[in-house]
Each structure stands twice: as C-alpha cells, then as structure tokens.
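First up is the structure itself, then whatever we jot down about it.
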Amino acid sequence: MVVTHNKRSRFTAKCAVKECGWKFHTASIDDRNEMFQVRAYNPEHTCGAGGRNLNKKILNQLLV
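Residue 31 in numbering that gives the first Met the number 0 sits at position 32 of the sequence shown; the count goes up by one each step and never skips.
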C-alpha cells in the first residue's frame, strides 16, 4: 500500500503496484474533520498481491 494523500481532511491509499486497481479514498464530511466518508473504494487487487483478508486488515487499520 502506498499513501498518496494524507491530509487532515482526506486520505488516499493505492496498491504499491502501479498497474493494480486497488484504491481507498476517504474525505472529511464536517468542518472539524472528525467524521469521514469513504468516497472511493476498489477492493480488487489486479496484481495478485491482495485478497479479501488483506483488504479487511488494511481497512481496519485505517478506520481505527
């Protein structure tokens, strides 16, 4: 996973393999940046590096 944006109001991560389509993007939905909404999520790793368990593990780390 590569973090491409990590700001107070948004977060984006992609697979480290450029050709892979896995992506997770979230953005703040309030002025205090306390609540976030998932804006884009592609759970499929086309590179073969992932799978359902990896995606759940990454999401759990990001959302904690």
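By construction, the Cβ of each residue, glycine as well, lies at the ideal position given by its N, Cα and C atoms.
Quick caveat: nothing in here was measured; it's all calculated off a predicted structure.
Asked	Found
Start and end of the beta strand (DSSP E) containing residue 27?	22 to 27
Around the Cβ of residue 51, are there at least 16 other Cβ atoms within 10 angstroms (buried) or fewer (exposed)?	For residue 51, the predicted model reports a pLDDT of 49, less than 50, meaning its position is unreliable; a value from the coordinates is still stated below. It is exposed - the Cβ of residue 51 has fewer than 16 other Cβ atoms within 10 Å.
Secondary structure at residue 44, three-state DSSP: helix, strand or coil?	coil
Any idea what DSSP makes of residue 2, helix, strand or coil?	strand
Going by DSSP in three states, residue 37 sits in which element: helix, strand or coil?	strand
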